[in-house]
Amino acid sequence: SAKLKPPSRNVDLEFTSITKCICCLFVYNQMSLTGCLSRSSSTGNVAFLDAPGEPVSNCPLRVKYSCFQSSVVHVQVLVSFDTGSTSVVFHKYWTCEPGHTRTRVVTVSFPDWLVYRPDWIIRGSDWVLSCLLRAWIGPDESTGPGRFPGTSVTVPLDIHSPLSRPFKQHQLCAKWDTDLLLRVRRDDIPQCLEENEVASLLSTMYASTGERYGIIKTLQPFRNKVLEGLRIKSIYYPWFAVSLWVLVEKPCSNHLCGLLLHIDSENNYVTPTMFLTDTGRIHVQVHGDAGHSSAFLSSFKVPLHQWCRISLEILGRVVSLWMHTCFLLHNVMLDDTHGYFVIGGGKFIRGIEGYYGPATYYRIQGLPADKVGYNGIFSFLYYMFILIKRIVPVLDSDWLSHVRSCCKLHYKHTPLFTSYILFYCYCFVGRVNASAVSRILYALVLRKISAAHSLDVITRMMPFLLQSGCLGDNRALHLSSVLYSSGFGVRRQPYKAWLLSLLAAQKDWRLALLRLGHMHHVGDLEVTPDRDLSYAYYINIARQTSMDQKNPSPQQTFVELIRLNDEETLKAQTNENDDLFHWLKLQARSGVAEAEQAMGRMLFWGQQGVSPDIQTAVKHYERGATTLHDPVSMYDYAIVLLTGQGVPKDVQRAVTFLKKAIEQGSVPAITALGWYYEQYEKDYEKAVHLWEEADAKGHPDAAMNLGVFYSQGLYLGQPADQFKAYKYYLKSAQRRHLNGGIELADIWIHGIPGQVARRPADAVLWVKWASEQNGYLGTVLRNGLNAYFRGDWIMSLIYYLSAAESGFEAAQFNVAYLCELNSVSPF
10 SAKLKPPSRN
20 VDLEFTSITK
30 CICCLFVYNQ
40 MSLTGCLSRS
50 SSTGNVAFLD
60 APGEPVSNCP
70 LRVKYSCFQS
80 SVVHVQVLVS
90 FDTGSTSVVF
100 HKYWTCEPGH
110 TRTRVVTVSF
120 PDWLVYRPDW
130 IIRGSDWVLS
140 CLLRAWIGPD
150 ESTGPGRFPG
160 TSVTVPLDIH
170 SPLSRPFKQH
180 QLCAKWDTDL
190 LLRVRRDDIP
200 QCLEENEVAS
210 LLSTMYASTG
220 ERYGIIKTLQ
230 PFRNKVLEGL
240 RIKSIYYPWF
250 AVSLWVLVEK
260 PCSNHLCGLL
270 LHIDSENNYV
280 TPTMFLTDTG
290 RIHVQVHGDA
300 GHSSAFLSSF
310 KVPLHQWCRI
320 SLEILGRVVS
330 LWMHTCFLLH
340 NVMLDDTHGY
350 FVIGGGKFIR
360 GIEGYYGPAT
370 YYRIQGLPAD
380 KVGYNGIFSF
390 LYYMFILIKR
400 IVPVLDSDWL
410 SHVRSCCKLH
420 YKHTPLFTSY
430 ILFYCYCFVG
440 RVNASAVSRI
450 LYALVLRKIS
460 AAHSLDVITR
470 MMPFLLQSGC
480 LGDNRALHLS
490 SVLYSSGFGV
500 RRQPYKAWLL
510 SLLAAQKDWR
520 LALLRLGHMH
530 HVGDLEVTPD
540 RDLSYAYYIN
550 IARQTSMDQK
560 NPSPQQTFVE
570 LIRLNDEETL
580 KAQTNENDDL
590 FHWLKLQARS
600 GVAEAEQAMG
610 RMLFWGQQGV
620 SPDIQTAVKH
630 YERGATTLHD
640 PVSMYDYAIV
650 LLTGQGVPKD
660 VQRAVTFLKK
670 AIEQGSVPAI
680 TALGWYYEQY
690 EKDYEKAVHL
700 WEEADAKGHP
710 DAAMNLGVFY
720 SQGLYLGQPA
730 DQFKAYKYYL
740 KSAQRRHLNG
750 GIELADIWIH
760 GIPGQVARRP
770 ADAVLWVKWA
780 SEQNGYLGTV
790 LRNGLNAYFR
800 GDWIMSLIYY
810 LSAAESGFEA
820 AQFNVAYLCE
830 LNSVSPF
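In our numbering, the protein residues as written are 10 to 836.
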């Protein structure tokens, strides 16, 4: 998209330069007229007889003065810096009585940092814009030169750069180690750290699912004093710009969706904030001084399925959004180091369904008058969207001739696939379900690879795998990305692999989110490490993992860290037809409590190779609770009764079993009983009492619940206290509680102003750990292990590669182990 360029600032700069020149000439002429550098008026006169040309240490200065009435003579050295600040480095005054002209010698002491170059004692010599030696006569000690401009004299002194100043001969001896360092560094020239006033908030692309997840960024004050001075002075009259690329795939599902948010420490939206409305317009909101705020809508709409560059520029009171300009009636206020920026969705609003591209923030300048850049990554994604939009309507067409031609075009290399897909298409009696075709294609690709005995089949299957992904199967997109990234059976194309992962991640596919989080965490050839971007992906799947664990399904399997060289762990793996499983089942029927616990755990979570079967697991829980009176089984059975998983919900019976388990010393039952009082009885005091008891005994759920109570202000009538909540979240996370780790990461990525600093590196590690507990990842790992037990080396490697590319360490080890075991590198 294009933008209307603002009026050039060169005119203002030229006018400013001319003004400065006129002022300089005026001062020069003024000084020339003084002759002996003196000034007189009705109150007296003052002059410098031998003013120095530059600052020197302990300079004797002869001041000639006379007064017509009792007054005070002032001598001062004033220094101004590039930042706009000024400092008085010397000031002396004395009384003056009426009478003849007098001369007084004043020793002017210039500071060492202004006279000498830096050394082992003078650590930092400052850059100075100007230095003025001035004198004036006033009625008292507090009178400045401004009130009596006639009775004053000013002499500008020449200022050298710090490295052009002389060395000071110190009357001290340096220690031997200090002297050695001085000799080594004598010829070194100090370099200012490079600092750019243009901040990159996002340098690549982010796939947004339209949920409350986004990229959180904070800006720090400039290290350069000049830039920081300009930033501070512009807080109440900012001059800045933002450039953001977006591709919107679907209209905003809510009234507003986040584009770029700026949130302060009080969780208020401040300057600049941009939303996308449900009608496709851009809502811009700015905050001004005295509590004033303004907002306006763009005159244009953001189109779907097209990359658009949104350019927002604020120059004082003038706000420009592309070709739309708004003149505000109040000053805009902006402190970009206060609070944090969010690209996408956040705590309080959803993001768009689509993609965010490079975002650039010009902190103290307007948009440069350059050409609109167009990155190659946009063109590939645009092509993929067009391809999908063309293929799906064809498959949904009522004309089977179109289906036949489409199938021939994409499956001409494998007649078997063509005939099978066409047969499946005809079964829909004139209409084809694209998602069903994609699932069939994906299953056939896996079957072909499993039946083959060489890697050549993968190359032949890639077109069909990509076709399956285009038709909507996110598993196919992720697997294609993994194969292109690793080069397993195909030519390695990491760039294409990354783009395919973006397509799958935008559809909220868990493993694609996990892979992109890992990529941006460690970086690779295509992307640089970006912890904030990595967190945006990881927090999405971490919260999905929390929800998945509350809703077990056959598609999920408990994540187990199993290395293929661990013989003991491999021997413990079983299935419904294995001897170990039948032996445990027999032990459970014989009344062994530990066997009942193991059977219930394996069947409920799908552990040790057993397929999940919640109904059967509940029967084992019930038998252990009612027959064996086992406190662990009583707790497990009470939980499923409370939640209604695999059994009709029966709250009162659950409470009965919880109390019995507590009598036998079950700490988790104490926490669960507290949850009952909080949810059903609304007795917060009783709930807190039970949770504090369980927390004292080290239970992670109790600490988590107490943290939530402190965060929401429910703790026994006390106000919300985020710092106390943080301490409980930290305790819960350290006890390996999933939600505790997620909430701890949320605090570390945002910070608590004045109490907890941002720790994005640690926040990423916690959400990565939580994400790797996802049951869908566990299913991939289990499929890889089952293929290994069957002797299917290729399929085992493919499954483990899918997990390894997502950063799971045990899967990475197993990939290396399989390659070494077969003495062949597939890459």
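Here a beta-carbon is modelled for each residue, glycine too, at the ideal position from N, C-alpha and C.
query: 4 or more residues per run - each alpha helix (DSSP H) lying fully within the segment 688-740; result: 693-705, 709-721
query: VAL341 beta carbon less than 8 Å from that of CYS335; result: no
query: Same chain, Cβ closer than 8 Å to TYR644, five either side skipped, listed in chain order; result: PHE666, LEU667, ALA670, SER675, PRO677, ALA678, ALA681
query: Helix, strand or coil at TYR365 according to DSSP, with G and I counted as helix; result: strand
query: Residue ranges of each alpha helix (DSSP H) within the segment 292-362, 4 or longer; result: none
query: Cα-Cα separation, ALA820 to ASN795; result: 14 Å
query: Sufficient close CB pairs (3 or more, under 8 Å) joining the segment 138-154 to the segment 79-87; result: yes
query: Per-residue burial, ASN748 [other beta carbons within 10 Å of its own, 16 or more giving buried]; result: buried
query: Terminal residues of the alpha helix (DSSP H) in which LYS242 lies; result: 234-242
query: Enclosing alpha helix (DSSP H) for TRP778 [first to last residue]; result: 769-780
query: Cβ-Cβ distance between ASN54 and THR160 below 8 Å; result: yes
query: Beta-bridge pairing of GLN661 - partner residues as DSSP gives them; result: For GLN661, which the question treats as bridged, DSSP gives no partner whatsoever.
query: Touching by the beta-carbon criterion (3+ pairs, under 8 Å), the segment 287-294 and the segment 257-266; result: yes
query: Contained beta strand (DSSP E) runs [length at least 3] in the segment 107-193, N- to C-terminal order; result: 111-117, 139-147, 161-166
query: Residue range of the unbroken beta strand (DSSP E) whose run includes SER209; result: 207-211
query: ASN67 beta carbon less than 8 Å from that of THR104; result: no
query: Nearest candidate by alpha-carbon position, reference ILE358, set SER489, TYR222, SER320, PHE350; result: TYR222
query: Whole-angstrom distance between MET283 and VAL255, CA atom to CA atom; result: 12 Å
query: Distance CB(ALA443)-CB(LEU480) smaller than 8 Å; result: yes
query: Identified DSSP bridge partners for MET283; result: LEU269, VAL293
query: Of the residues LEU210, LEU306, SER308, the one placed nearest HIS271, counting alpha carbons only; result: LEU210
query: Member of LEU464, GLU672, TYR737, LYS356 whose CA lies at the smallest distance from the CA of GLY496; result: LEU464
query: Distance CB(VAL137)-CB(VAL88) smaller than 8 Å; result: yes
query: Residue interval of the beta strand (DSSP E) (run including THR218); result: 215-218
query: Residue-level contact to chain C via CB, VAL82, 8 Å cutoff; result: Among the protein chains of the structure shown there is no chain C, as only one such chain exists.
query: CB of ILE550 within 8 Å of CB of ASN783, strictly; result: yes
query: Contact under 8 Å by Cβ, GLU569 with GLN616; result: yes
query: Residues that TYR102 bridges to, as DSSP identifies them; result: HIS83
query: Proximity winner among HIS169, GLU605, GLN661, relative to VAL650 (alpha-carbon distances); result: Reading off the sequence shown, one finds Leu at residue 650, where the question assumed Val. For LEU650, the nearest C-alpha among the options comes from GLN661.
query: Beta-ladder partner(s) of THR95, from DSSP; result: SER89
query: Alpha-carbon spacing of SER520 relative to TYR246, whole angstroms; result: Checking the displayed sequence, the identity of residue 520 turns out to be Leu instead of Ser. About 46 Å.
query: Whole alpha helix (DSSP H) elements within the segment 491-535, 4-residue minimum; result: 503-515, 519-531
query: Under the three-state DSSP convention, the category VAL401 falls into; result: Any reading at VAL401 must be qualified, since the residue scores a pLDDT of 45, below 50, and its modelled position is unreliable; the value itself is stated next. Three-state result, VAL401: helix.
query: Among VAL257, LEU523, LEU236, ASN233, the one whose alpha carbon lies nearest that of GLY219; result: VAL257
query: C-alpha distance - SER543 paired with ALA770, whole-angstrom precision; result: 10 Å
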